[in-house]
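Undergrad:
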Amino acid sequence: MRHRGRHRRRRRGRALRAFLTGTALALTAAATMISASQATVTDGPGALKPLTASADTDALRLTEDPVPQASLDRLASEMGRPVGVGAVLSGADRTLRDAVDCTDTERRALPVSPTATRAYCWNTDETEGWQPGAVTTSGDADDDGLWGAHRVILSGWSRSAGPAADRGLARIAFVDAANLNRLTYTWALLAVPVDGGRDYRGLVSHVSGMVWYQDKLLVTADDGGRTALYVYDMNRIHRATVTGEAIGRVPGGWSAHGSPYVLPAVASYRLSGGPNAPHPATVSLDRSTAPDSLVAGEWTLDDGDRGARLWRYAFDTDPGRVGLLATDAAGRVRATEAYRTKLTGVRGVLAHESAWYVTRAAGAGERQGTLWRQDTDGSRAAVCGTAESHSCWGSGTESLSYWAATGEVWTQSGRVLFALPLASIDRSAE
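Under mature numbering (1 follows the signal peptide of the UniProt record, and there is no 0), the residues of the sequence shown are numbered -26 to -1, 1 to 404, in order.
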């Protein structure tokens, strides 16, 4: 029985690879027709421009603002003992669809070149009215790619429809990736403690950037004020005890807008660089630096005349500050490196060694987005279609997460979660 099961998995794996190859060919043909109708070929953005003047780097400064320990302790005492990631995954009772079961419309969100080697689609009945956002994995959390014994993918979503009071609510899917032929998942609401830890509110933010580093989850925030990032502790995941649309303390227990779990924030990082401070719209992890660093990029208008700033912050190496950014004595976080790209409409950014990978959303009249590989010497991107267009990437990837243990980059475009080797991105950009 074990041998027959293994042969079935091998046949399914070959079928999936063949299917993804066929999908790529079909998308290439579509891109060819679209590119042929375009009047011009997209010009490259050229080299990254280093930002070294103090006026530029000071604008990137953050200030750390921890939630008082007394508030966290009070919330935990009221809600009950937190559970771990393993307990959350044990309740993952929903299943992502394999690429072969995705619709044609869903598959159009995949890149034309380089092609995805793994692809899965979210269930529409659970994601209707929610907007997909960032992806991070246990490959970010630990350099062996595992969180304990678990392979995990986290996918961020924000409420885009429904009652006005619910718009912008943020949640994440915990995906059990132990078996890549069958990904299962469950949901957790992102929250912020209020009233001294006696209650919590839902985080209202589009989850366009997210990094799971050690036991902390850093999430981009645009829910008002000058908050740039919220910090969540993966050891502080609480069960919701009441099922319903309400959020926080309710008669009979605690509710998380239908999610079985909730994460209360333990800290935040506020913009403190003055009126020129960019709001981090996308973040990723770079393990090729010493120490490891958080890479950030700002959101800019698709058709604007100003390129985006790209920069990084170092993670703290103090054992007592696991997963937090390095600060000075006043709690300030300073950028260790910064650049400007000529690209507008930046959505995702990833840095590895000397290369920066920057995605741009599909422009007017384009079906596909672009992914540029930039450094201080120049820029390169895949070419597809008879008109040699660079519009070869997924239509709207908002984050890129590099799983160093496998060499894969994970992201999502539309309602499709997919992966491909970083090496294939480099080859396509040569």
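Backbone N, C-alpha and C fix where the C-beta goes; we use that ideal spot for every residue, glycine too.
Using 8 Å as the cut-off, can you tell me whether the segment 69 to 77 makes contact with the segment 336 to 346, which would need three or more C-beta pairs spanning the two stretches below that distance?
TA: With the cut-off at 8 Å, the segment 69 to 77 and the segment 336 to 346 do not touch.
Undergrad: Output yes or no for whether 8 Å exceeds the beta carbon distance between S267 and R286.
TA: In contact: S267 and R286 (Cβ atoms closer than 8 Å).
Undergrad: Please classify D118 as buried or exposed, where buried requires at least 16 other C-beta atoms within 10 Å of its C-beta.
TA: Label assigned to D118: exposed.
Undergrad: What number of angstroms, rounded off, separates the C-alpha of S9 from the C-alpha of S375?
TA: Any reading at S9 needs caution, since the residue's pLDDT is 40, under 50, leaving its predicted position unreliable; the model's value is listed next. Distance between the alpha carbons of S9 and S375: 29 Å.
Undergrad: Would you kindly work out how many angstroms separate the C-alpha atoms of L163 and R354, rounded to a whole number?
TA: Between L163 and R354, the C-alpha separation is close to 39 Å.
Undergrad: Given that a residue counts as buried once 16 or more other Cβ atoms are within 10 Å of its Cβ, and exposed if not, what is T291?
TA: Classification for T291: exposed.
Undergrad: Under 8 Å, with one C-beta from each stretch per pair, do the segment 241 to 255 and the segment 359 to 369 reach the 3-pair mark?
TA: Too few Cβ pairs lie closer than 8 Å, so no.
Undergrad: For L46, which residues in the same chain have their Cβ closer than 8 Å to its Cβ, ignoring the five residues on either side in sequence?
TA: Result list for L46: P167, G171, R210, P238 and V240, in chain order.
Undergrad: For the structure I just gave you, are there three or more beta carbon pairs, one from the segment 305 to 321 and one from the segment 267 to 277, closer than 8 Å?
TA: Result yes; three or more Cβ-Cβ pairs closer than 8 Å.
Undergrad: If I measure Cβ to Cβ from R389 and keep anything under 8 Å in the same chain, skipping five residues before and after, which residues do I get?
TA: So the qualifying residues of the chain are E80, A83, C95, W96, T98, T101 and P106.
Undergrad: Is the separation between the beta-carbon of V185 and that of L192 shorter than 8 Å?
TA: It is a contact, given that the beta carbons lie within the stated cut-off.
Undergrad: Just the C-alpha distance for L63 and V86, rounded to the nearest angstrom, thanks.
TA: Near 33 Å, if we compare the C-alpha coordinates of V86 and L63.
Undergrad: Any chance you could list the beta strand (DSSP E) runs of at least 3 consecutive residues sitting entirely within the segment 62 to 148, in chain order?
TA: Runs of the beta strand (DSSP E) inside the segment 62 to 148: 92 to 95, 104 to 111 and 126 to 133.
Undergrad: Going by alpha carbons, who is nearest to W104 out of V126, S134 and L284?
TA: Of the listed residues, the one whose Cα sits closest to W104 is S134.
Undergrad: Would you call the segment 211 to 221 and the segment 36 to 56 touching, i.e. three or more CB-CB distances under 8 Å?
TA: The answer is yes - the segment 36 to 56 touches the segment 211 to 221, with three or more Cβ pairs under 8 Å.
Undergrad: Could you spell out where the beta strand (DSSP E) holding I211 opens and where it closes?
TA: It is not in any beta strand (DSSP E) - I211 carries neither H nor E in the DSSP assignment.
Undergrad: For E404, is the classification buried or exposed, using 16 other Cβ atoms within 10 angstroms of its Cβ as the cut-off for buried?
TA: Under this definition E404 is an exposed residue.
Undergrad: Who pairs with K316 in a beta bridge, going by DSSP?
TA: Per DSSP, none; premise fails for K316.
Undergrad: Where do the N-terminal and C-terminal ends of the beta strand (DSSP E) with D173 fall, by residue?
TA: Taken as a continuous stretch (DSSP letters only), the beta strand (DSSP E) holding D173 covers D173 to G176.
Undergrad: Under the three-state reduction of DSSP, which class applies to R(-25): helix, strand or coil?
TA: Because R(-25) carries a pLDDT of 37, less than 50, the predicted location of this residue cannot be relied on, and no value is offered for it.
Undergrad: Give the range of the beta strand (DSSP E) segment to which A255 is assigned.
TA: First-last of the beta strand (DSSP E) with A255: P254 to D260.
Undergrad: Enumerate in chain order the residues of its own chain whose CB-to-CB distance from G20 is below 7 Å, with the five nearest sequence positions on each side excluded.
TA: Here the set comprises K316, G352 and S353.
Undergrad: With distances taken between CB atoms, is the gap from Y243 to L70 smaller than 8 Å?
TA: Not a contact, by the Cβ cut-off of 8 Å.
Undergrad: Cα separation between Y235 and V323?
TA: Near 29 Å, if we compare the C-alpha coordinates of V323 and Y235.
Undergrad: Counting only the same chain and skipping the five closest in sequence on each side, list residues whose C-beta sits under 7 Å from that of R92.
TA: L154, F392 and A393, listed in sequence order.
Undergrad: Give the straight-line distance between the Cα atoms of S182 and A255, rounded to the nearest whole angstrom.
TA: Straight-line Cα distance between these residues: approximately 6 Å.
Undergrad: Using a Cβ-based criterion (distance less than 7 Å to any ligand heavy atom), does R156 qualify as near the ligand NAP?
TA: As far as ligands go, the structure on display features none, and thus does not contain the ligand NAP.
Undergrad: To the nearest angstrom, report how far apart A335 and P225 are at their CA atoms.
TA: When rounded, the distance between both Cα atoms is 44 Å.
Undergrad: Let's test the definition: count the other Cβ atoms within 10 Å of the Cβ of P88 and tell me whether it reaches 16, buried, or not, exposed.
TA: Flag for P88 reads buried.
Undergrad: Using a threshold of 8 Å, state whether the C-beta atoms of I146 and G122 are closer than that.
TA: Not a contact, by the Cβ cut-off of 8 Å.
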